[in-house]
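Residue numbers (the UniProt record's numbering): 1 to 511.
Cβ coordinates follow ideal geometry from the N, Cα and C atoms, glycine included.
Computed from a predicted structure; not experimentally measured.
Okay, here's the thing in structure tokens:
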């Protein structure tokens, strides 16, 4: 009995010390007055479990509705929702650096840890990387490869026609959530490597690459809440443990490394007459010593991991919410018909369509691609929140697009509803000046692609693909949700993925 009692006491001592340490840290914390979930005040395990539940974006919306504009989500993490803070936290000088949440996004190739333009926490390193690549992601450069997107749109429509319009499966529902992602991945392959990744042709995740990517993002989302876990799992120095660990970004890094080496060695079969983003990266490398082999691979990795999922999520949101609202569908197709377009629709023509633009903006507002906080570290000088709350240096702070985009003062009393009209002028109620001011305020509060110095490098990459494909899709087909009353399923794994977008296709009679 004495031995058992002694053993229990030995176990209780570290537990008691941990509880005491957490309680002391809370009582002496400079943010102890900020409300939030009880256990979140003491441990980051709360936020890990919240992320593990797969709907953290709803938790954040609920907590801000309950507690107000400032919510404590961890011992040293505060979520804020006031849009006026957006330009302070995500400023163009990058004074607020990324937190260690992002280190989980580093990849490991052998014994080398590879940060990328997304995951690096060093703003000087980020500025150097981004300055080398920035011009390559501008629309002026991307439209020179627009024919590759056209080829993929045509391949996408051919698959839809053969399988769901004219073929033996024309009477069954199309799982369009899957096909839009196949399309997005194949576009990334075309623009990056001059070759599709073969998902449309196969009609499935033939290589398991998409599944591996999804599971790597699941890992990033959850383990990022306690980044120290990553050092024992995906970044473990013992290779045997690392390989047997959970999915991470290493497989994608290995794929990019193979593609890079094949191009350098001339064994990838690419025609010298064609040009893609890997060619662009290699050209930058030839002129800049800062662009080494690892920098090229990390740039390819960002294209692969961010370019497909973010676009696929946006395309799904556009289709889902448009089909959920018949009046929106009719107005969009009327605009497309009146524009006298041919498919695939050119980017320049699609950008001139105001209602299409409004639909795309509204879909990205109501279903942003990223569902967690964009975390930053408060710099020297601290951060004064509205009112009397002051965040000292070292505290982590962030904003969620899923919370900010629901702000009624900015987006209107119907902010929870899908309404593309909010992006257009109401000529009966608004002057041109008042509309311009309202529109500018909404755009300033848009976190779809982040903001400031660390905003998404591939924004125009996504928009090129989105404007072209959505204009072409709604121009060519009549579509309907198989079950209009059925809600789709959502999984927040950093990217807020959707499934259950089952569609019935018809060829439009006038097309």
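**OP:** Give the DSSP-derived three-state secondary structure of residue 506 in the structure shown.
**Re:** By one-based count along the chain shown, residue 506 stands at place 506. Residue 506: strand per DSSP, three-state reduction.
**OP:** Check each candidate in 415, 238, 504 and name the one with the smallest Cα separation from residue 108.
**Re:** Within the chain shown, the letter at position 108 stands for residue 108. Closest option to residue 108, Cα to Cα, is 238.
**OP:** Quickly, what does DSSP pair residue 95 with across the bridge? List them, please.
**Re:** Within the chain shown, the letter at position 95 stands for residue 95. Paired residues: none, contrary to the question.
**OP:** Given a cut-off of 8 Å, decide if residue 465 and residue 117 are closer than it, judged by their beta-carbon atoms.
**Re:** Within the chain shown, numbered from 1, the residue matching residue 117 stands at position 117. Within the chain shown, numbered from 1, the residue matching residue 465 stands at position 465. Contact: no.
Original post:
residue 9: buried (16+ other C-beta within 10 angstroms of its C-beta) or exposed?
Top reply: Indexing the chain shown from 1 puts residue 9 at position 9. Interpretation of residue 9 is limited by its pLDDT of 47, a score under 50 that renders its predicted location unreliable; the figure taken from the coordinates is listed afterwards. The residue in question, residue 9, is exposed, as its Cβ has fewer than 16 Cβ neighbours within 10 Å.
Subject >> Three-pair Cβ contact test at 8 Å for the region 174–181 versus the region 314–329 >> reply: yes
Subject >> Pick from 457, 250, 307 that is closest to residue 104, judged by C-alpha positions >> reply: Within the chain shown, residue 104 is the residue found at index 104, counting from 1. Cα-wise, what sits closest to residue 104 is 250.
**OP:** Reducing DSSP to helix, strand and coil, say where residue 121 ends up.
**Re:** Looking up residue 121 in the chain shown gives position 121. Note: residue 121 maps to coil in three-state DSSP.
Subject >> Closest Cα partner of residue 160 within the set 391, 497, 478 >> reply: The residue you call residue 160 lines up with position 160 of the chain shown. The residue with the shortest Cα to Cα distance from residue 160 is 478.
**OP:** For residue 501, count neighbouring C-beta atoms within 10 Å of its own C-beta (all shown protein chains included) and say buried if the count is 16 or more, exposed if not.
**Re:** Within the chain shown, residue 501 is the residue found at index 501, counting from 1. So residue 501 ends up on the buried side.
Original post:
For residue 429, is the classification buried or exposed, using 16 other Cβ atoms within 10 angstroms of its Cβ as the cut-off for buried?
Top reply: On the chain shown, position 429 is the one that residue 429 refers to. Residue 429 should be labelled exposed.
Subject >> Separation of residue 213 from residue 235, as counted between CA atoms >> reply: The residue you call residue 235 lines up with position 235 of the chain shown. The residue you call residue 213 lines up with position 213 of the chain shown. Using only the alpha carbons, I get a separation of about 17 Å.
Original post:
Is residue 495 buried or exposed, if buried means 16 or more other CB atoms sit within 10 Å of its CB?
Top reply: Position 495 of the chain shown, counted from the first residue, corresponds to residue 495. So residue 495 counts as buried.
**OP:** Spell out a yes or no on whether the region 300–318 and the region 362–369 are touching, meaning 3 or more CB-CB pairs, one atom from each, closer than 8 Å.
**Re:** yes
**OP:** Using beta-carbon positions only, say whether residue 328 and residue 359 come within less than 8 Å of one another.
**Re:** For the purposes of this step, residue 328 is taken as the residue at position 328 of the chain shown. For the purposes of this step, residue 359 is taken as the residue at position 359 of the chain shown. A contact, by the Cβ cut-off of 8 Å.
**OP:** Pull up the distance between the alpha-carbon of residue 91 and that of residue 313, whole angstroms please.
**Re:** By 1-based counting over the chain shown, the position of residue 91 is 91. By 1-based counting over the chain shown, the position of residue 313 is 313. Taking the straight line from one Cα to the other gives about 26 Å.
Original post:
Do residue 409 and residue 447 have their C-beta atoms closer together than 8 Å?
Top reply: Taking the chain shown and counting its residues from 1, the one referred to as residue 409 is at position 409. Taking the chain shown and counting its residues from 1, the one referred to as residue 447 is at position 447. No; because the gap between Cβ atoms is not below 8 Å, this pair is not in contact.
Original post:
Can you tell which of 272, 392, 331, 487 has its C-alpha closest to the C-alpha of residue 421?
Top reply: To locate residue 421, count along the chain shown from 1; it is residue 421. The option with the nearest alpha carbon to residue 421 is 331.
**OP:** Work out the CA separation of residue 435 and residue 298 for me, nearest whole Å.
**Re:** Residue numbering aside, residue 298 sits at position 298 when the chain shown is read from its first letter. Residue numbering aside, residue 435 sits at position 435 when the chain shown is read from its first letter. Roughly 42 Å separates the two Cα atoms.
Original post:
DSSP puts residue 72 in a beta bridge; with which residues?
Top reply: In the chain shown, counting from the first residue as 1, residue 72 sits at position 72. Answer is 78, bridged to residue 72.
**OP:** Decide if the region 124–143 is in contact with the region 247–266; the criterion is three or more beta carbon pairs, one per stretch, under 8 Å apart.
**Re:** no
**OP:** Please report the residue range of the beta strand (DSSP E) in which residue 492 lies.
**Re:** Along the chain shown, one-based indexing puts residue 492 at 492. Here the beta strand (DSSP E) through residue 492 covers 489–493.
Subject >> Helix, strand or coil at residue 215 [DSSP, three-state] >> reply: One-based indexing of the chain shown puts residue 215 at position 215. Reduced to three states, the DSSP call for residue 215 is helix.
**OP:** Compare the Cα-Cα distances from residue 386 to each of 85, 301, 351 and report the closest residue.
**Re:** If you number the chain shown from 1, residue 386 lands on position 386. The shortest C-alpha separation from residue 386 is found at 85.
Original post:
How big is the Cα-Cα spacing for residue 197 and residue 337?
Top reply: Stepping through the chain shown from its first residue, residue 197 is reached at position 197. Stepping through the chain shown from its first residue, residue 337 is reached at position 337. Approximately 32 Å between the Cα atoms of the pair.
**OP:** Name the one or two DSSP bridge partners that residue 496 has.
**Re:** As a working note, residue 496 is residue 496 in the chain shown. Its beta-bridge partners are 492.
**OP:** Please name the residue in 88, 165, 217, 98 whose C-alpha comes closest to that of residue 308.
**Re:** Within the chain shown, residue 308 is the residue found at index 308, counting from 1. Looking at the Cα atoms, 217 is the closest of the given residues.
Subject >> Outcome for residue 99 when other beta-carbon atoms lying within 10 angstroms are tallied against a minimum of 16 >> reply: For this step, residue 99 is matched to residue 99 along the chain shown. The residue in question, residue 99, is buried, as its Cβ has 16 or more Cβ neighbours within 10 Å.
**OP:** Sort out for me which residues DSSP pairs residue 477 with in a bridge.
**Re:** Reading the chain shown from its first residue, position 477 is the one you call residue 477. Beta-bridge pairing links residue 477 to 507.
Original post:
Does any CB atom of chain B fall closer than 8 Å to the CB of residue 459?
Top reply: Structure shown: chain B not included; a single protein chain is present.
**OP:** Determine the closest residue to residue 339 out of 326, 89, 353, 163, with distance taken between C-alpha atoms.
**Re:** Here residue 339 refers to the residue found at position 339 when the chain shown is read from its first residue. If we check each option's Cα against that of residue 339, 353 comes out closest.
Original post:
Nearest to residue 151 by CA position, among 167, 200, 172, is which residue?
Top reply: By 1-based counting over the chain shown, the position of residue 151 is 151. It is 200 whose Cα lies nearest to the Cα of residue 151.
Original post:
Do the region 221–232 and the region 51–63 meet, that is, are 3 or more Cβ pairs less than 8 Å apart?
Top reply: yes
Original post:
Can the beta-carbon of residue 347 be found closer than 8 Å to that of residue 467?
Top reply: For the purposes of this step, residue 347 is taken as residue 347 along the chain shown, with counting starting at 1. For the purposes of this step, residue 467 is taken as residue 467 along the chain shown, with counting starting at 1. Taking 8 Å as the Cβ cut-off, residue 347 and residue 467 qualify as a contacting pair.
Original post:
Smallest Cα separation from residue 203: which of 195, 182, 504, 413?
Top reply: Here residue 203 refers to the residue found at position 203 of the chain shown. Among 195, 182, 504, 413, the Cα nearest to that of residue 203 is on 182.
Original post:
For residue 76, is the classification buried or exposed, using 16 other Cβ atoms within 10 angstroms of its Cβ as the cut-off for buried?
Top reply: As a position in the chain shown, residue 76 is number 76, starting the count at 1. Buried, because 16 or more other Cβ atoms sit within 10 Å of the Cβ of residue 76.
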